[in-house]
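Notes follow once the structure below has been shown.
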Amino acid sequence: MEEAPNTRPGLGSALATGGVLLVILAVLFAEGFSGESFLHHQNRSLAGWDTQFDANGWNAQTGLGHHTHSTPMGFSGLIHWLCSLTGDPAANFANYYPAACLLLLGMAGWLLARSLGASGIVCTLAALAAALNGVFFTSAVEHSGGLAVMGAAVCVALAALLRPRLEWPATVVGGIAMGVGILETGPHAVPLLIVVSLVGVAAKLNIKESERTLNDVIAIALVPLAALAVAAPIFFSHISYHAIFSTTINAKDLLTIPMAGLTGHRMDAPD
2 MEEAPNTRPG LGSALATGGV LLVILAVLFA EGFSGESFLH HQNRSLAGWD
52 TQFDANGWNA QTGLGHHTHS TPMGFSGLIH WLCSLTGDPA ANFANYYPAA
102 CLLLLGMAGW LLARSLGASG IVCTLAALAA ALNGVFFTSA VEHSGGLAVM
152 GAAVCVALAA LLRPRLEWPA TVVGGIAMGV GILETGPHAV PLLIVVSLVG
202 VAAKLNIKES ERTLNDVIAI ALVPLAALAV AAPIFFSHIS YHAIFSTTIN
252 AKDLLTIPMA GLTGHRMDAP D
């Protein structure tokens, strides 16, 4: 019996969606990209912020420039390293890091919609909805991008579990993504890992028992195993992590679309 042709959006659709997201984010962050404004508080000069960046990193847990500990490994660490290669590392990190996290979240939203069988237009709308969601957007701009990276990780993991054909390489990638998300947000994100894994189990329970295989069980189990392996360092550290959702940003706010962060205020730690 011949398989039905694959009509899901391909690379072209992904690139087009990425282009749309880049344009929108460039417009929203235009002032920062112009170089005419840069962290206008705490009476720090640009050289002072560069020194702070080199000495302490820009924590994805407690706000940009916090003294608690260095930038976490994973996506934030990658952006930190790339910016450290430039002439103005602190300025570039402050200006580009939030937009990079939101772009990552948007493309992860596109991937999840694709895995669910959505059309190209719907996938693009899903990407925009994820990147411009009030909670993720405000958190990335006013505080840090860790929550947006965690959201992207959840989308990638769910995309691996809910795709038409469950395969272990995809679930390993999903597990690694969840591990990076936990590195960004701390041990408090582990319940999200449990929920994502249970979603995969529930999805497989819906199919006929005769179609379930041991490979499916192994593929699902690889998500939490890979995630915990990647995130293992934080479980052996003495660093305290804040809850994923603060008292001002709650899980219920994920259904709202405020854009509070566009004013440029940040929750930087005082000296």
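Using the numbering used here, you'd call the opening residue of the sequence shown number 2 and step up by one each time.
Every residue, glycine too, gets a C-beta built ideally from N, C-alpha and C.
Note that this is a predicted model, so its numbers are computed, not measured.
Original post:
Expressed to the nearest angstrom, what Euclidean distance is found between the alpha-carbon atoms of Leu26 and Thr214?
Top reply: Within the sequence shown, numbered from 1, the residue matching residue 26 stands at position 25. Within the sequence shown, numbered from 1, the residue matching residue 214 stands at position 213. Between Leu26 and Thr214, the C-alpha separation is close to 44 Å.
Original post:
Where does Asn216 fall in DSSP's three states?
Top reply: For the purposes of this step, residue 216 is taken as the residue at position 215 of the sequence shown. If DSSP states are grouped into helix, strand and coil, Asn216 belongs with the helices.
Original post:
If you follow the alpha helix (DSSP H) that Pro170 is part of, which residue opens it and which one closes it?
Top reply: For the purposes of this step, residue 170 is identified with residue 169 of the sequence shown, where counting begins at 1. Note, Pro170: alpha helix (DSSP H), 169-186.
Original post:
Whose C-beta lies closer than 6 Å to the C-beta of Ile183 among residues of the same chain, with five residues either side of it excluded?
Top reply: What you label residue 183 is simply residue 182 of the sequence shown in a count that begins at 1. Within the same chain, Ile183 has close Cβ partners Ala190, Ala232.
Original post:
CB Val173 to CB Leu223, shorter than 8 Å?
Top reply: For the purposes of this step, residue 173 is identified with residue 172 of the sequence shown, where counting begins at 1. For the purposes of this step, residue 223 is identified with residue 222 of the sequence shown, where counting begins at 1. Going by C-beta atoms, Val173 is nearer than 8 Å to Leu223.
**OP:** Indicate whether Ser77 and Val150 have their beta-carbon atoms separated by less than 8 Å.
**Re:** For the purposes of this step, residue 77 is taken as residue 76 along the sequence shown, with counting starting at 1. For the purposes of this step, residue 150 is taken as residue 149 along the sequence shown, with counting starting at 1. For Ser77 and Val150, yes; Cβs fall inside 8 Å.
Subject >> Spatial distance of Ala141 from Val218 (CA atoms) >> reply: Position 140 of the sequence shown, counting from 1, holds the residue named residue 141. Position 217 of the sequence shown, counting from 1, holds the residue named residue 218. So the alpha carbons of these two residues sit roughly 36 Å apart.
Original post:
In this structure, does DSSP put Met108 in helix, strand or coil?
Top reply: Here residue 108 is taken as the residue at index 107 of the sequence shown, counted from 1. In the structure shown, Met108 sits in a helix (DSSP, three-state: H, G or I).
**OP:** Evaluate contact between the segment 93-108 and the segment 144-158, counting only Cβ atoms and requiring at least three cross-stretch pairs below 8 Å.
**Re:** yes
**OP:** Please work out which residues of its chain come closer than 6 Å, Cβ to Cβ, to Ser120, disregarding the five sequence neighbours upstream and downstream, and give them in chain order.
**Re:** Residue 120 sits at position 119 when you count from the first residue of the sequence shown. Excluding residues within five positions, none has a Cβ falling inside 6 Å.
Original post:
Using 8 Å as the limit for Cβ to Cβ distance, is Gly88 near chain C?
Top reply: Absent from the structure: chain C. Only one protein chain is present.
**OP:** Identify, in the order they occur along the chain, each residue of the same chain with its Cβ nearer than 8 Å to the Cβ of Ala130, setting aside the five sequence neighbours on each side.
**Re:** As a first step, residue 130 is located in the sequence shown; it is residue number 129 there, counting from the start. Within the same chain, Ala130 has close Cβ partners Gly110.
Original post:
Which residues in the same chain have their Cβ closer than 6 Å to the Cβ of Gly175, if we skip the five residues on either side of it in sequence?
Top reply: On the sequence shown, residue 175 is found 174 positions in, with the first residue counted as 1. Counting only Cβ-Cβ distances below 6 Å, and skipping sequence neighbours, we find Val157, Ala158, Ala161, Val224.
Original post:
Short check: CB of Leu163 to CB of Leu104, under 8 Å?
Top reply: Position 162 of the sequence shown, counted from the first residue, corresponds to residue 163. Position 103 of the sequence shown, counted from the first residue, corresponds to residue 104. Not in contact: Leu163 and Leu104 (Cβ atoms no closer than 8 Å).
Subject >> Neighbourhood of Ala100 by C-beta distance below 6 Å, restricted to the same chain and skipping five residues each side >> reply: Here residue 100 corresponds to residue number 99 of the sequence shown, with the count starting at 1. Correct list, in chain order: Leu26, Phe30.
Subject >> Distance between Leu167 and Ala228 (C-alpha atoms, nearest Å) >> reply: Mapped onto the sequence shown, residue 228 falls at position 227. Mapped onto the sequence shown, residue 167 falls at position 166. One C-alpha to the other measures close to 18 Å.
**OP:** Could you tell me the boundaries of the alpha helix (DSSP H) in which His81 lies?
**Re:** Walking along the sequence shown from the start, residue 81 turns up at place 80. Its alpha helix (DSSP H) spans residues 76-85.
Subject >> Contact set for Pro234: own chain, Cβ-Cβ below 8 Å, skip 5 residues either direction >> reply: The sequence position of residue 234 within the sequence shown is 233, counting from 1. For Pro234, where only same-chain residues beyond five positions count, the Cβ hits under 8 Å are Met74, Leu184.
Original post:
Val196: buried (16+ other C-beta within 10 angstroms of its C-beta) or exposed?
Top reply: The count along the sequence shown starts at 1 and reaches residue 196 at position 195. It counts as exposed.
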